[in-house]
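Counting in the UniProt record's numbering, the sequence shown runs from 1 upward without gaps. Since the structure comes first, as structure tokens, the remarks are kept for the end.
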Amino acid sequence: MKEVIVRPYMSLLTVVLVAVFALPLKAQKFAYVESQRILNEYQEYQDVQKQLEQLRSKYDAEYQQMVKEYNALLEEIDSQSLLLSPEKKQQKMQAAQDKAMQIEQYKYEKLGPEGEFYKKSMELTRPIIDKINKLIAKIGEEEGYDFIFDASSGALVHALPKYDITDRIIEELNKG
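Have a look at this one:
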């Protein structure tokens, strides 16, 4: 009796499984880009990098000048220590300490993790990164890619070169 009840269900299950696997499944389409290469070859990004390099050099030069002044002050204190009164020596030591704090504050405000250089870098590079991401998404939509991986991130272990769309991204970015 159980065999009679189970048999139709097995037949139904077989028909459903065959139907599901017989349906034409859409093959997923993959591509990858090398984001670091895109940045290296995208002229607008290179121009921004030059701007940032100049700003960094300016901040570094100002910082080095402050350090030089601080070292000169320390040398002056050291060379005149025997000639200075305790009060005068204390004043100069306080001036050196103030200069050291000024240097640290400058370094933090200009070059620190949330300093002016970081803010300027984000201000200039964020629109470029957004532009690149939008273009990758646009090409992904146009070409029907289900996934586009970034080979530069290290997550992609192997891929055939025919799936690399980096050149197309660079070409589109640099032409317009």
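Note that the Cβ used here is the ideal one computed from N, Cα and C, for glycine as well.
{"query": "In angstroms, rounded to a whole number, what distance separates the CA positions of glutamine 28 and glutamine 49?", "result": "37 Å"}
{"query": "Would you mind stating whether leucine 111 and aspartate 60 have Cβ atoms separated by less than 9 Å?", "result": "yes"}
{"query": "Could you give the residue range of the alpha helix (DSSP H) that holds tyrosine 163?", "result": "Note, tyrosine 163: premise wrong, no alpha helix (DSSP H); not H, not E."}
{"query": "Look up glutamate 3 in the DSSP assignment and say whether it is helix, strand or coil.", "result": "Caution is warranted here: a pLDDT of 46 is assigned to glutamate 3, below 50, making its placement in the model unreliable, and the coordinate value is therefore given only provisionally. In the structure shown, glutamate 3 sits in a helix (DSSP, three-state: H, G or I)."}
{"query": "Cutting at 8 Å between CB atoms, please list the residues of its own chain near glutamine 102, excluding the five before and the five after it.", "result": "Met66"}
{"query": "Among Lys162, Glu143, Ile128, which has the Cα closest to the Cα of serine 35?", "result": "Ile128"}
{"query": "Under a Cβ-count criterion, where at least 16 other Cβ atoms within 10 Å of its own Cβ denotes burial, should alanine 151 be classed as buried or exposed?", "result": "buried"}
{"query": "What's the C-alpha gap between leucine 124 and threonine 166?", "result": "22 Å"}
{"query": "Between the stretch 42–57 and the stretch 78–89, do three or more beta carbon pairs fall short of 8 Å?", "result": "no"}
{"query": "From which residue to which residue does the beta strand (DSSP E) around alanine 95 run?", "result": "Unbroken run through alanine 95 is the alpha helix (DSSP H), 86–111; no beta strand (DSSP E)."}
{"query": "Can you say whether leucine 160 is buried or exposed, counting buried as having 16 or more other CB atoms within 10 angstroms of its CB?", "result": "exposed"}
{"query": "Between the Cα of isoleucine 170 and those of Glu75, Gly140, Ile136, spot the shortest distance and give me the residue it belongs to.", "result": "Ile136"}
{"query": "Go ahead and pull the three-state DSSP assignment for alanine 61.", "result": "helix"}
{"query": "Keeping to the same chain, check which residues put their C-beta closer than 6 Å to that of asparagine 174; ignore five residues upstream and five downstream.", "result": "Gln43"}
{"query": "Return the CA-CA distance between valine 4 and tyrosine 32, expressed in angstroms with no decimal places.", "result": "The predicted model places valine 4 with a pLDDT of 42, which falls under 50 and marks its position as unreliable; any figure quoted below should be read in that light. For valine 4 and tyrosine 32, the distance between alpha carbons rounds to 54 Å."}
{"query": "When you compare only the Cα positions, how much space is there between lysine 89 and isoleucine 77?", "result": "7 Å"}
{"query": "Could you tell me which residues DSSP pairs with tyrosine 70 in its beta bridges?", "result": "Its beta-bridge partners do not exist; DSSP assigns none."}
{"query": "Assuming the contact rule is C-beta atoms closer than 8 Å, tyrosine 63 and lysine 107 should be a hit. Round their C-beta distance to whole Å, please.", "result": "6 Å"}
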